[in-house]
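Asks: Sharing a structure, written as structure tokens. Questions coming.
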Amino acid sequence: MDFHGIDLNLLVAFDALMSERNVTRAATQVGVSQPAMSAALSRLRTLLGDPLFLRSADGLLPTQRARDLAEPVAQALRQIEAAMVEKPAFDATSATLTFNLGLPDYPSFVLLPTLLQALQAQAPGITLNVHDVKGRDATVDLLDAGVIDAAVGVPPTNTDGRIKARPLLRDEFVTVVASDHPAAQHGMDLDTYLSLPHVLVSPEGHLYGVVDQALAQQGRQRKLALTLPHMFAVPAVIAQTRMTATILKRVALHAQASHQLALFPPPLALPEIVFDLMWHRRSDTHPAQSWLREFIATQAATSCA
1 MDFHGIDLNL LVAFDALMSE RNVTRAATQV GVSQPAMSAA LSRLRTLLGD PLFLRSADGL
61 LPTQRARDLA EPVAQALRQI EAAMVEKPAF DATSATLTFN LGLPDYPSFV LLPTLLQALQ
121 AQAPGITLNV HDVKGRDATV DLLDAGVIDA AVGVPPTNTD GRIKARPLLR DEFVTVVASD
181 HPAAQHGMDL DTYLSLPHVL VSPEGHLYGV VDQALAQQGR QRKLALTLPH MFAVPAVIAQ
241 TRMTATILKR VALHAQASHQ LALFPPPLAL PEIVFDLMWH RRSDTHPAQS WLREFIATQA
301 ATSCA
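Position 64 of the sequence shown, counted from 1, bears residue number 64 in UniProt numbering, the numbering being contiguous throughout.
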């Protein structure tokens, strides 16, 4: 390979294209014209002997060569930036700005009370704008588009390395029935569990969840009576019916109808659920964004202590 044509601007252009998947947005991010970004992409294609990005209805799709280069290039640029640019410290106590957060209902329930209380005390000039996130892969789209600064949710199926993440919240499943249900007195074994009509929570609208996956491994199947997009409606439904549901423990314990529920360990092995704090790698070293992530992590530790 002839390295004569490589310069830092080409690497910056590649990194922006990988982040934005759009020539116009990449040009805006770097601060050049769209023709200049297109020219940089053309030079990169010639230099590397690969198309790097292919046009599609969803934007530019990176080739495998581009995927292989993405993280090494991003790391190299961050190292150069750290060595050459002295970033001013971010003072949250005097800052006046708005952060956009992607939060499904569960992280909102667990985090927001503590988060807002701490913000009012430590950073009163900061405003939070919360966006609902419907489905794990919607997080990637919102971060790619710059609509949100960070998100808390279950890990997406594929991030191509451009979405950073760290574990933030953990919870376990419990099985619930109404406190006056016969199973509340007799216990919940698997046969009893499968004899009851079930409520399934699926933000994506699927008719198949983690319980169904575990049952399928045993060659068993449950009967669904109701599917819901939000878990927080489940306790009230269960308290007034003869159905059962398997939901996250904090939801059951803190629901208004919690005193009308009987809680059991699920009668089959289910994984612990981990919610990640996620952000786009283009904001990885930004002082305000870094402060936000550490602030959220600190408050999450307090909320879940």
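Glycine is no exception: its CB is placed at the ideal position from the N, C-alpha and C atoms.
On a Cα-Cα basis, can you pick out the residue from Met278, Ser290, Arg282 and Ala225 that is closest to Val133?
Replies: Here the closest residue by C-alpha is Met278.
Asks: Within 8 Å, do at least three Cβ pairs link the segment 62 to 80 to the segment 101 to 119?
Replies: As far as the Cβ criterion goes, the segment 101 to 119 does not touch the segment 62 to 80, which means the pair count is below three.
Asks: Can you give the Cα-Cα distance for Ala165 and Asp276, rounded to whole angstroms?
Replies: Distance between the alpha carbons of Ala165 and Asp276 is about 6 Å.
Asks: With Val152 as the anchor, note down where its beta strand (DSSP E) starts and where it stops.
Replies: Run containing Val152: Ala150 to Gly153, per the beta strand (DSSP E) assignment.
Asks: Do Asn22 and Leu60 have their C-beta atoms within less than 8 Å of each other?
Replies: In contact: Asn22 and Leu60 (Cβ atoms closer than 8 Å).
Asks: Contact between the segment 235 to 244 and the segment 213 to 221 is defined here as three or more beta-carbon pairs at a separation below 8 Å; is this criterion met?
Replies: Result no; under three Cβ-Cβ pairs closer than 8 Å.
Asks: Run through DSSP, which three-state label would Pro197 get?
Replies: Reduced to three states, the DSSP call for Pro197 is strand.
Asks: Where does Lys249 sit, in a helix, a strand or coil, going by DSSP?
Replies: It is helical.
Asks: For Pro287, list the residues DSSP reports as bridge partners.
Replies: None, per the DSSP bridge assignment.
Asks: Who are the Cβ neighbours of residue 371 in its own chain at under 7 Å, not counting the five residues just before and after it?
Replies: Since the first and last residues shown for the chain are 1 and 305, residue 371 lies out of range.
Asks: Within 10 Å of its beta-carbon, does Ile80 have 16 or more other beta-carbons around it, so buried, or fewer, so exposed?
Replies: Ile80 should be labelled exposed.
Asks: When we look at the beta-carbon of Gly153 and count the other beta-carbons within 10 Å, is it buried (16 or more) or exposed?
Replies: By the neighbour-count rule (16 or more Cβ atoms within 10 Å), Gly153 is buried.
Asks: Tell me which same chain residues have a C-beta within less than 6 Å of the C-beta of Phe264, skipping the five on either side of it?
Replies: Same-chain partners within the cutoff: Thr175 and Met188.
Asks: Tell me, please, which residues DSSP counts as bridged to Ile163.
Replies: Looking at the DSSP assignment, Ile163 forms a beta bridge with His280.
Asks: Flag this pair as yes or no: are the beta carbons of Leu11 and Pro107 separated by less than 8 Å?
Replies: No; because the gap between Cβ atoms is not below 8 Å, this pair is not in contact.
Asks: What does the alpha-carbon distance come out to for the pair Trp291 and Ile148?
Replies: C-alpha separation (whole angstroms): 15 Å.
Asks: Which value, in whole angstroms, describes the spacing of the CA atoms of Ala89 and Ala26?
Replies: Straight-line Cα distance between these residues: approximately 27 Å.
Asks: Looking at the structure shown, is Asn129 part of a helix, part of a strand, or coil, going by DSSP?
Replies: In this structure, Asn129 counts as strand in the three-state DSSP scheme.
Asks: Provide the residue span of the beta strand (DSSP E) that contains Thr114, from first to last.
Replies: Segment Asp105 to Gln122 is the alpha helix (DSSP H) holding Thr114; no beta strand (DSSP E) there.
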